[in-house]
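Below: the structure, in structure tokens.
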Amino acid sequence: MPGIRADCYHPVALSGQAGAYLALFSEIGILLLVTTLVGALAGYWIDKQLGTVPIFVMVGFFVGAGIGTVGIYRLITRFLARFED
Amino acid sequence: MSSEAVATTAETQAADLAEAARRRRVLRNLGLIVVAVIVVDILALLFVPPFPRGGQPGEACSFPVCFINGTLEFPPPHVVLDLDPGNPMPQGQAVVTFHPSITSTIVTMWIIMAILIALAFVATRSMRIVPGGLQNLSEFAYESLENFGVGVGGDAARPYIPLFASFFVLILFCNWSGLVPPIGKLEELRAPTSDLNITIGLALVSFIFFESRGFRRHGVGGYLSKFFPVYEFRNGIGAGLIAMFVGVIELMLEFVKPVTLSMRLFGNIYGGEVALAAVSALFLVVLPVAMYGLEVILNFVQALIFSVLTLIFTMLAIESHEHEEGELADEGMAAIDDTHPGQTAPAAP
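Chains as they are written, first to last, in the numbering used here: chain A, 478 to 562; chain B, -18 to 330.
Spelled out as structure tokens, the structure:
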């Protein structure tokens, strides 16, 4: 079992692994949601200032989604590196 | 057939009959309870019918909108004590407002904190080597959480188990408090984690904790180099720019962590309470009870997710990012490979 040391080979410790994966999946979903939403809202604010709706909404949406995707990639790689060492 | 075999068969049959009778009794009692609760629910609907929010008992209430509105909680908590009565409460559509006050969620959280502190005091007042009662329960709970936390973060997580356990227990009780009938029904009491202000506060405590652990472990320069890896410029301009770009994204994502922590907890608990209120308003007892059971589990899971993520973020903050430096250098070198063929990355500092 990856990441499980001999001194914590215990049912509760094993469920700790399951809990960590549960938290990771939960974080993945909401990370993409929040970054995309923040990007779109920031774009909307810029659009309202400049009167250019919907150009920056779209730009913000895609930038937010891109940052969220990078964040998910970084989170998963760091998480798996930690648990599969 | 021998007399012994006959006796054994008779005993087995008698045991089976007793077991079947016990099951029938249990099922009958459960059925009676369900019928009794449905009868009470119908009587309550007839004799104490719902009335519009802010109205008087006896006023007409149309199904289903008025029924649902009467049980719904709205996101802003009730102000129990206004600490700045000279200024009017902010009104309107503003998303973020500031007005110092003691709200129903703060009062409920103080009550929960007092109960937990009292429990901790009673459980540890006369500790014995062979624990019993509350001490036994507390030790079991803490050891389970410790094993769970070590399962998540390995041995390096041991120093952070008290914080992990504290977050879990506090948030669990805050979440579950919304399922205890007086809380959420009286204006002065409401589940703390169904208020965004409280969850933001919890997330900020978590954020400050894991960032401070990162700074403490790596030093200010060492920790900030994760976000501003200027040393990557030694591998070339392209590698440096890519590393800086990734670092800036990493920095932005660092500030997203408290947002996701607070939004997830608030959204799930508040959403759960709204769903429970709507289902309770629309259906008789059976579906609300099923929903209630689901909420008990979901509230537990949300407390676990918040505390586990705090632990994971702490472990990620304190872990060495030397390997990431190597990754960044490799990524940078791959990107500029065409323009600088043959260049090799030096060892990470």
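Beta carbons: idealized from backbone N, C-alpha and C, even for Gly.
Residue i at chain B interface by Cβ criterion, 8 Å
i                      : result
residue 546 of chain A : no
residue 537 of chain A : no
residue 511 of chain A : yes
residue 508 of chain A : yes
residue 499 of chain A : yes
residue 496 of chain A : yes
residue 520 of chain A : no
residue 493 of chain A : yes
residue 553 of chain A : no
Element boundaries [alpha helix (DSSP H), containing residue i]
i                      : result
residue 260 of chain B : 218 to 263
residue 185 of chain B : 177 to 205
residue 18 of chain B  : -16 to 28
residue 275 of chain B : 267 to 299
residue 123 of chain B : 114 to 134
residue 158 of chain B : 142 to 158
residue 380 of chain B : Because chain B spans -18 through 330 in this model, residue 380 of chain B falls outside it and cannot be assessed.
residue 46 of chain B  : 46 to 52
Residue environment, residue i, which counts as buried when at least 16 other CB atoms sit within 10 Å
i                      : result
residue 128 of chain B : buried
residue 65 of chain B  : exposed
residue 70 of chain B  : exposed
residue 522 of chain A : exposed
residue 251 of chain B : buried
residue -1 of chain B  : exposed
residue 21 of chain B  : exposed
residue 495 of chain A : exposed
residue 176 of chain B : buried
residue 68 of chain B  : exposed
residue -14 of chain B : exposed
residue 503 of chain A : buried
residue 158 of chain B : buried
residue 500 of chain A : buried
residue 262 of chain B : buried
residue 556 of chain A : buried
residue 528 of chain A : exposed
residue -10 of chain B : exposed
residue 296 of chain B : buried
residue 294 of chain B : buried
Host beta strand (DSSP E) of residue i (start-end)
i                     : result
residue 84 of chain B : 82 to 84
residue 62 of chain B : 60 to 63
beta-carbon residue i near the ligand SAH non-hydrogen atom, thresh 7 Å
i                      : result
residue 494 of chain A : Although the ligand SAH was asked about, the structure shown includes no ligands whatsoever.
Neighbour flag for residue i against chain A, beta carbons, 8 Å
i                      : result
residue 201 of chain B : no
residue 300 of chain B : yes
residue 306 of chain B : At residue 306 of chain B, the pLDDT of 49 sits below 50, so the modelled position is not reliable and the matter cannot be decided from this model.
Which residues of the region 209 to 237 of chain B have a Cβ closer than 9 Å to any Cβ of chain A? Give them in chain order. 227, 230, 231, 233, 234, 237
Identify each residue in the region 114 to 143 of chain B for which the Cβ-Cβ distance to at least one residue of chain A is less than 7 Å, and report them in chain order. 125, 128, 129, 130, 131, 132, 133, 135, 136
With 8 Å as the C-beta to C-beta threshold (strictly closer), list the residues of the region 268 to 298 of chain B near chain A in chain order. 282, 285, 286, 289, 290, 293, 296, 297
Residues in the region 147 to 178 of chain B with C-beta within 9 Å of chain A's C-beta atoms, listed in sequence order? none
The region 97 to 106 of chain B in contact with the region 75 to 86 of chain B per 3-pair CB rule at 8 Å: no
Check whether the region 40 to 53 of chain B and the region 254 to 269 of chain B touch, using three or more Cβ-Cβ pairs below 8 Å as the test. yes
Evaluate the contact criterion for the region 273 to 293 of chain B versus the region 209 to 218 of chain B: three or more CB pairs, one atom per stretch, below 8 Å. no
Three or more beta-carbon pairs under 8 Å between the region 175 to 193 of chain B and the region 496 to 511 of chain A, yes or no? no
Quick one: which residues of the region 239 to 250 of chain B get their C-beta closer than 8 Å to a C-beta of chain A? List them in chain order. 240, 241, 244, 245
Does the region 269 to 284 of chain B come close enough to the region 143 to 153 of chain B that 3 or more CB-CB pairs lie under 8 Å? yes
Cβ contact (3+ pairs, closer than 8 Å) linking the region 179 to 187 of chain B and the region 238 to 252 of chain B: yes
Three-pair Cβ contact test at 8 Å for the region 541 to 549 of chain A versus the region 218 to 234 of chain B: yes
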